[in-house]
Amino acid sequence: MSSNRRFKIPLSVLVVIHTPALEVLLIERADAPGFWQSVTGSKDAEDEPFEATAVREVWEETGLDARAPGHVLTDWALENRYEIYPQWRHRYAPGVTHNTEHVFGLCIPQPVTVTLNAREHRAQRWLPRLEAADLCFSPSNAEAVLRLRSGLC
1329 MSSNRRFKIP
1339 LSVLVVIHTP
1349 ALEVLLIERA
1359 DAPGFWQSVT
1369 GSKDAEDEPF
1379 EATAVREVWE
1389 ETGLDARAPG
1399 HVLTDWALEN
1409 RYEIYPQWRH
1419 RYAPGVTHNT
1429 EHVFGLCIPQ
1439 PVTVTLNARE
1449 HRAQRWLPRL
1459 EAADLCFSPS
1469 NAEAVLRLRS
1479 GLC
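So the sequence shown is residues 1329 to 1481, counted in our numbering.
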């Protein structure tokens, strides 16, 4: 293993993209078919603000500009700490077993077809809130989707 290997930082964001009607965008992982999720991603640097991570990850994974007119990015001031799935621990420094995830919501006016990064995701769906929560493979993602309520944007 190269000593120049760059490991993921165990500080990440979860961004629930939704409409005012509580339709939720889920994207299917390319490396784990059947694993549906909201936008997620790790900080690029320890000092990168979580909001900047959220904006960057939304752009990289969907092609959406979180700061576009009519889009409302909200920091939910919620963090989840969870054990990293064993199949993905190799991405982190040796001994790292847990990640801290900061949760955001991104409200957009209506469902749109997004531009997926094919290396990361293979399909997309817009679903009503309860159906989306049922489809999320991650318990923290499902819980975040269930927190959506009318009037968030």
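We put the beta carbon where it would ideally sit given N, CA and C, even for glycine.
Within the continuous alpha helix (DSSP H) that includes residue i, where are the two ends?
i: Trp1416; result: First-last for Trp1416: undefined, no H or E at that position.
i: Glu1351; result: Premise fails: Glu1351 lies in the beta strand (DSSP E), Glu1351 to Arg1357, not in any alpha helix (DSSP H).
i: Glu1393; result: Note that residue 1393 is Asp in the sequence shown here, rather than Glu. From DSSP, Asp1393 is part of no alpha helix (DSSP H); its letter is neither H nor E.
i: Asp1462; result: Arg1457 to Leu1463
i: Glu1471; result: Pro1467 to Leu1474
Suppose you measure from the CA of residue i to the CA of residue j; what does that come to, to the nearest Å?
i: Glu1356; j: Ala1373; result: 26 Å
i: Leu1350; j: Val1343; result: 14 Å
i: Ala1360; j: Ile1436; result: 27 Å
i: Gly1362; j: Leu1458; result: 18 Å
i: Leu1383; j: Ser1468; result: This sequence places Val at residue 1383; Leu is not what is there. Between Val1383 and Ser1468, the C-alpha separation is close to 20 Å.
i: Thr1390; j: Pro1422; result: 30 Å
Taking residue i as part of the beta strand (DSSP E), name the residues at either end of that continuous run.
i: Arg1384; result: From DSSP, Arg1384 is part of no beta strand (DSSP E) but of the alpha helix (DSSP H) over Phe1378 to Thr1390.
i: Asn1445; result: Element bounds for Asn1445: n/a, residue is neither H nor E.
Cutting at 7 Å between CB atoms, please list the residues of its own chain near residue i, excluding the five before and the five after it.
i: Glu1411; result: Thr1425 and His1426
i: Ala1470; result: Ala1461 and Cys1464
With a threshold of 16 other CB atoms inside 10 Å of the CB of residue i, please say whether the residue is buried or exposed.
i: Arg1447; result: exposed
i: His1418; result: exposed
i: Thr1441; result: exposed
i: Gly1433; result: buried
i: Met1329; result: Confidence at Met1329 is low in this model, with a pLDDT of 42, below 50, so the placement of that residue is unreliable and no value is reported for it.
Leaving out the 5 sequence neighbours to the left and right, which residues in its chain are closer than 8 Å to residue i when beta-carbon positions are compared?
i: Glu1385; result: Val1341, Val1343, Val1367, Thr1368 and Gly1369
Does the CB of residue i have a neighbour CB from chain B at under 8 Å?
i: Leu1401; result: Protein chain content of the structure displayed is limited to a single chain, and chain B is not contained in it.
Leaving out the 5 sequence neighbours to the left and right, which residues in its chain are closer than 6 Å to residue i when beta-carbon positions are compared?
i: Ile1345; result: Leu1353 and Leu1434
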